Amino acid sequence: MLQLEFKPYILKKKHIFKISGASRTKTPILLTKIRYRGIEGLGEASMPPLYGETIDSATDFLHKLDLSGFQSPFEVEKILQAVDAIALGNTAVKASIDIALHDLVSKLLMLPLHQYLGLPACTLATSKTIGINSPETIQKRVEEASEFNYLKIKLGTGTKEDKAIIRAIREVSDQPLYVDANQGWEDPGEALAIIKWLSDKGVVFIEQPLPKDDIDGQIWLKNKSPLPIVGDEGVQRLPDMAQARELYHGVNIKLMKSTGIHEARKMIHAARGLGLKVLLGCMSETSCAITAAAHLGTLADWVDLDGNLNVTNDPYQASEVADGKIRLPEDPGIGLKKCSWKKI
Ligand code: MG
Numbered sequence: 019m020l021q022l023e024f025k026p027y028i029l030k031k032k033h034i035f036k037i038s039g040a041s042r043t044k045t046p047i048l049l050t051k052i053r054y055r056g057i058e059g060l061g062e063a064s065m066p067p068l069y070g071e072t073i074d075s076a077t078d079f080l081h082k083l084d085l086s087g088f089q090s091p092f093e094v095e096k097i098l099q100a101v102d103a104i105a106l107g108n109t110a111v112k113a114s115i116d117i118a119l120h121d122l123v124s125k126l127l128m129l130p131l132h133q134y135l136g137l138p139a140c141t142l143a144t145s146k147t148i149g150i151n152s153p154e155t156i157q158k159r160v161e162e163a164s165e166f167n168y169l170k171i172k173l174g175t176g177t178k179e180d181k182a183i184i185r186a187i188r189e190v191s192d193q194p195l196y197v198d199a200n201q202g203w204e205d206p207g208e209a210l211a212i213i214k215w216l217s218d219k220g221v222v223f224i225e226q227p228l229p230k231d232d233i234d235g236q237i238w239l240k241n242k243s244p245l246p247i248v249g250d251e252g253v254q255r256l257p258d259m260a261q262a263r264e265l266y267h268g269v270n271i272k273l274m275k276s277t278g279i280h281e282a283r284k285m286i287h288a289a290r291g292l293g294l295k296v297l298l299g300c301m302s303e304t305s306c307a308i309t310a311a312a313h314l315g316t317l318a319d320w321v322d323l324d325g326n327l328n329v330t331n332d333p334y335q336a337s338e339v340a341d342g343k344i345r346l347p348e349d350p351g352i353g354l355k356k357c358s359w360k361k362i
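Residue numbers for the sequence shown follow the working numbering, so the first one is 19 and each next one is one higher.
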């Protein structure tokens with residue numbers, strides 16, 4: 019008998035986090051737990067407001083989920099099909115069930131999650147994200163992130179401001195940069211001009227430069243850009259991969275968009291088949307979802323799994339980060355240390 023429990027949680031950010039078009043200090047989360055024969059699998063839905071899910075929508079969704087017809091958590095695919103059939107969208111709350119099931123099944127098999135997925139143990143060099151801010155504050159954040167091998171820089175405010183941010187960073191650091199414009203450059207010609215300017219500044223790729231609905235603009239830019247273009251807002255689930263090769267050189271796959279590990283793996287395989295690079299990304303999340311994603315890390319070209327490092331009240335503890343590298347836990351499942359929900 020599978021028993022589902024869930025609990026709302028507000029994850030607080032260390033600093034106000036600003037990207038092109040939005041800023042916030044906290045993220046609504048729904049923590050999930052599926053229990054079977056005394057073993058618990060843990061999951062999580064992280065719901066930044068711009069994606070449209072809320073604690074209320076996630077709670078309503080889970081009230082519609084009936085696990086009583088399933089004999090065991092090993093019926094992963096059947097359970098996830100039932101979850102997906104409840105309603106369209108709702109990708110984060112769907113991910114919360116997927117993650118809890120994967121944690122549970124690998125715990126029952128006494129295997130670390132990556133081993134259950136047939137993947138090796140590893141350490142992963144993650145980037146550290148720096149939000150939009152004044153050049154002085156950005157320099158301070160960059161100096162605090164000196165142990166990381168890559169920085170992920172949020173741009174998309176305007177050409178002058180964007181250039182000022184990059185110049186300020188280059189005064190204090192030569193770390194390679196991942197640039198994320200979050201759809202903030204609206205004109206393809208202007209986007210190409212700034213990408214050309216960025217191309218000799220140690221930038222590895224440009225994430226979502228243009229609005230996701232500007233299909234013609236994105237095709238034009240992809241074919242002209244001197245740097246690889248990675249789709250994020252424009253690529254959520256597996257069917258979005260059908261158009262991805264036309265628009266992007268790579269895709270940012272996140273568990274909260276893909277409905278979890280099961281579909282994220284399919285997306286990664288599809289990306290490989292299409293010759294696309296893979297960035298494994300995240301939202302602001304606890305160590306539960308971040309570490310779950312990290313277990314897929316060896317399948318990615320680039321890893322941006324730092325969402326648990328920028329918060330003050332992570333209820334869980336799992337992977338350790340040393341010298342900017344995530345070390346995967348070797349305990350069964352995701353590898354979260356024991357944590358009572360009563361204390362959180
Ligand atoms: Mg992004």
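Cβ coordinates follow ideal geometry from the N, Cα and C atoms, glycine included. Given the structure is predicted, the values throughout are model-derived calculations rather than measurements.
Enumerated in chain order, which unbroken segments of the beta strand (DSSP E) with a length of 3 residues or greater are wholly contained in the segment 188 to 221?
195 to 198
Segments of 4+ residues assigned as alpha helix (DSSP H) that fall wholly inside the segment 56 to 108
73 to 81 and 94 to 104
On the CB-based measure, 16 or more other CB atoms within 10 Å of its CB, does residue 313 come out buried or exposed?
buried
When DSSP labels each residue in this structure, what does residue 237 get in the three-state scheme?
Of the three classes helix, strand and coil, the one that applies to residue 237 here is helix, per DSSP.
Can you tell me which of the three DSSP states residue 296 falls into?
strand
Under a three-way DSSP split, which group does residue 173 fall into?
coil
Check residue 179 in the structure and name its three-state DSSP category.
helix
Would you kindly work out how many angstroms separate the C-alpha atoms of residue 159 and residue 310, rounded to a whole number?
Residue 159 and residue 310: Cα-Cα distance of roughly 26 Å.
With 16 as the cutoff for other CB atoms within 10 Å, does residue 124 come out buried or exposed?
Answer is buried; the Cβ neighbour count reaches 16.
Just to check, is the beta-carbon of residue 236 closer than 8 Å to a non-hydrogen atom of the ligand MG?
no
For residue 421, list the residues DSSP reports as bridge partners.
A query on residue 421 cannot be resolved here, the shown segment of the chain reaching from 19 to 362 and no further.
Rounded distance between the beta-carbons of residue 61 and residue 145, thought under 8 Å
Rounded, the Cβ-Cβ distance is 24 Å, inconsistent with contact.
Which of the three DSSP states is assigned to residue 34 in this structure?
Here residue 34 carries a strand assignment [DSSP, helix/strand/coil].
I need the boundaries of the alpha helix (DSSP H) containing residue 146, first residue and last residue.
Counting along the chain, residue 146 falls outside any alpha helix (DSSP H), though it belongs to the beta strand (DSSP E) covering 145 to 148.
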